[in-house]
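The block underneath contains the structure these notes are about, expressed in structure tokens.
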């Protein structure tokens, strides 16, 4: 059946709006942490959470492939199953390649990796804090934050897998319920632990730890109603090592890509910390606002993951091209709207998140970088979603090497004389390079009018 442009837009928004709401709650959580800690009268607590959260982010989001890889495999399998059902009628068979089997293997892998990370973090944290150049006052606070947060690694990784499966099978309202519940609990506990109990940066860590385990409990409840992954009779067939091969192949490239991305974010934070605690805190505020936009735009990225994966799995090449085009329009328009808002009201927004005058003054000096990166970053976010959906994770991997090694690090080195402006310039060039290379790759796949992406789903 031929789908109209209006029909495609309806499908995009049916996935995008729940994921926008769920995604925006993530930076809002960071903004709440920033606002609560920024009003304690010292930049040290905010700096400790900025460093601690970045280190935990590096360790946790290095395993973000558990979400992205699961989405990629589940979306393509979902499309293939729909295509087969249209041709042969619905089937209740649940073989090892089924979306439910993908979910089960992702949960097993997540539990093993999460437990390993939880045990490994204490062996690495001293060296990482030294590399981050944290001050003598910030270091013990950051260490305490990390030591608490590491305990949630198994819960976080398993929730990654659950979220990826829900998105890939287009159950985005369940994914929305999962994220909103987790982050709402986190925000409430933040207020209790930081504001009422005075636990400062440690309170932010305990709030997040408790919320993450509650999120896992809800996630397991959701998938028990949407899948057969909880049936022990099916586990034996799903657990064969040969069935993990496609998952490991996809996830290898996503792992390296994510490590490089988080290296850049943590390198950026580390360089900001060498300029003083106030600059570190100011950069943290600006990054949180950039991330707010990125997470909103991720609604269209998630839509691209699910719908492109479905079209790819069902070999619907024309539909695939239309989805990418329409998602591009929506993403660019939304990014422009945020850019205009930050340009007009950026200074007032910054003042909401700290009452430390020196931090506000420094942040206002650099807020135009925030405006530029907000607008220019939309291509990178969307094309990540397209590549995840169609399983072209190798392109994401190589693009990130280019943006990091060829663009970001040389730009930072050459711009050191410009101080924090040079650091922000390097970050802006890195963001542009990510979007440009992946957009060029996508266009190259369609040269000559040939069907894009001839590889079959494996």
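In my numbering, the protein residues as written are 580 to 1037.
The beta carbon of each residue, even a glycine, is placed where N, CA and C say it ideally should be.
Remember, it's a predicted structure, so these values are computed and weren't measured experimentally.
Inset, instruction - Leaving out five residues on either side along the sequence, give the residues of the same chain with a beta carbon under 6 Å from the beta carbon of residue 851. - result: Counting from one through the chain shown, the residue named residue 851 turns up at place 272. 858, 859, 862.
Inset, instruction - Report buried or exposed for residue 803, applying the criterion of at least 16 other Cβ atoms within 10 angstroms of its Cβ. - result: Within the chain shown, residue 803 is the residue found at index 224, counting from 1. Residue 803 should be labelled exposed.
Inset, instruction - For residue 775, count neighbouring C-beta atoms within 10 Å of its own C-beta (all shown protein chains included) and say buried if the count is 16 or more, exposed if not. - result: For the purposes of this step, residue 775 is taken as residue 196 along the chain shown, with counting starting at 1. Exposed, because fewer than 16 other Cβ atoms sit within 10 Å of the Cβ of residue 775.
Legend entry - Member of 1003, 684, 838 whose CA lies at the smallest distance from the CA of residue 744: Position 165 of the chain shown, counted from the start, is the residue given in the question as residue 744. Closest option to residue 744, Cα to Cα, is 684.
Legend entry - the segment 867-875 contacting the segment 943-954, beta-carbon criterion three pairs below 8 Å: yes
Legend entry - From 1008, 882, 902, residue whose alpha carbon lies closest to that of residue 750: Position 171 of the chain shown, counted from the start, is the residue given in the question as residue 750. Minimum Cα distance to residue 750 is reached at 882.
Legend entry - Pick from 839, 898, 963, 913 that is closest to residue 987, judged by C-alpha positions: Taking the chain shown and counting its residues from 1, one reaches residue 987 at position 408. Checked all of 839, 898, 963, 913; the closest Cα to residue 987 is 839.
Inset, instruction - For residue 895, count neighbouring C-beta atoms within 10 Å of its own C-beta (all shown protein chains included) and say buried if the count is 16 or more, exposed if not. - result: Stepping through the chain shown from its first residue, residue 895 is reached at position 316. Its Cβ being crowded by 16 or more others within 10 Å, residue 895 is buried.
Inset, instruction - Provide the residue span of the alpha helix (DSSP H) that contains residue 767, from first to last. - result: Taking the chain shown and counting its residues from 1, one reaches residue 767 at position 188. Taken as a continuous stretch (DSSP letters only), the alpha helix (DSSP H) holding residue 767 covers 751-769.
Inset, instruction - Run the CB neighbour count on residue 773, radius 10 Å, all protein chains shown included, and call it buried at 16 or more, exposed below. - result: Position 194 of the chain shown, counted from the start, is the residue given in the question as residue 773. It counts as buried.
Inset, instruction - Leaving aside the five residues before and after residue 913 along the sequence, list all residues of the same chain whose C-beta is less than 7 Å from its C-beta, in chain order. - result: Stepping through the chain shown from its first residue, residue 913 is reached at position 334. 875, 876.
Inset, instruction - Indicate the three-state DSSP secondary structure (helix, strand or coil) for residue 672 in the structure shown. - result: Counting from 1 along the chain shown, the entry for residue 672 is found at position 93. Only weak support is given to the placement of residue 672: the predicted model assigns it a pLDDT of 46, under 50, and the value that follows is read from those uncertain coordinates. Residue state, collapsed to three classes: coil.
Inset, instruction - Classify residue 893 as helix, strand or coil using the three-state DSSP reduction. - result: Taking the chain shown and counting its residues from 1, the one referred to as residue 893 is at position 314. Of the three classes helix, strand and coil, the one that applies to residue 893 here is coil, per DSSP.
Inset, instruction - Would you mind reading off the limits of the alpha helix (DSSP H) that contains residue 854? - result: Here residue 854 is taken as the residue at index 275 of the chain shown, counted from 1. Unbroken run through residue 854: none, as it is neither H nor E.
Inset, instruction - Confirm, please, whether the CB-CB distance from residue 927 to residue 939 is below 8 Å. - result: Sequence index remark: in the chain shown, residue 939 carries index 360 (1-based). Sequence index remark: in the chain shown, residue 927 carries index 348 (1-based). It is not a contact, given that the beta carbons lie outside the stated cut-off.
Legend entry - Closest by C-alpha distance to residue 696, when choosing among 732, 724, 681: Within the chain shown, residue 696 is the residue found at index 117, counting from 1. Among 732, 724, 681, the Cα nearest to that of residue 696 belongs to 732.
Inset, instruction - Classify residue 845 as helix, strand or coil using the three-state DSSP reduction. - result: The residue given as residue 845 occupies position 266 in the chain shown. Looking at residue 845 - three-state DSSP - the assignment turns out to be helix.
Inset, instruction - Confirm, please, whether the CB-CB distance from residue 1018 to residue 962 is below 8 Å. - result: As a working note, residue 962 is residue 383 in the chain shown. As a working note, residue 1018 is residue 439 in the chain shown. In contact: residue 962 and residue 1018 (Cβ atoms closer than 8 Å).
Legend entry - Under 8 Å between C-beta atoms of residue 654 and residue 888: Taking the chain shown and counting its residues from 1, the one referred to as residue 654 is at position 75. Taking the chain shown and counting its residues from 1, the one referred to as residue 888 is at position 309. Going by C-beta atoms, residue 654 is nearer than 8 Å to residue 888.
Legend entry - Burial state of residue 597 (16 or more Cβ within 10 Å): On the chain shown, residue 597 is found 18 positions in, with the first residue counted as 1. The residue is buried, with at least 16 neighbouring Cβ atoms inside 10 Å.
Inset, instruction - Check whether the Cβ atoms of residue 693 and residue 758 sit closer than 8 Å, and answer yes or no. - result: Here the question's residue 693 lines up with position 114 in the chain shown. Here the question's residue 758 lines up with position 179 in the chain shown. No, Cβ-Cβ distance for residue 693 and residue 758 is not below 8 Å.
Legend entry - C-beta contact flag for residue 1005 and residue 998 at 8 Å: As a first step, residue 1005 must be located in the chain shown, where it is residue number 426. As a first step, residue 998 must be located in the chain shown, where it is residue number 419. For residue 1005 and residue 998, no; Cβs fall outside 8 Å.
Inset, instruction - Jot down the residue ranges of each uninterrupted alpha helix (DSSP H) in the segment 925-959, minimum 4 residues, whole runs only, in chain order. - result: 936-944, 946-955
Inset, instruction - Evaluate residue 909 with the Cβ neighbour count: other Cβ atoms within 10 Å of its Cβ, from every protein chain shown; 16 or more gives buried, anything less gives exposed. - result: Your numbering for residue 909 matches position 330 in the chain shown. The residue in question, residue 909, is buried, as its Cβ has 16 or more Cβ neighbours within 10 Å.
Legend entry - Boundaries (first-last residue) of the alpha helix (DSSP H) holding residue 1022: Here residue 1022 corresponds to residue number 443 of the chain shown, with the count starting at 1. Here the alpha helix (DSSP H) through residue 1022 covers 999-1023.
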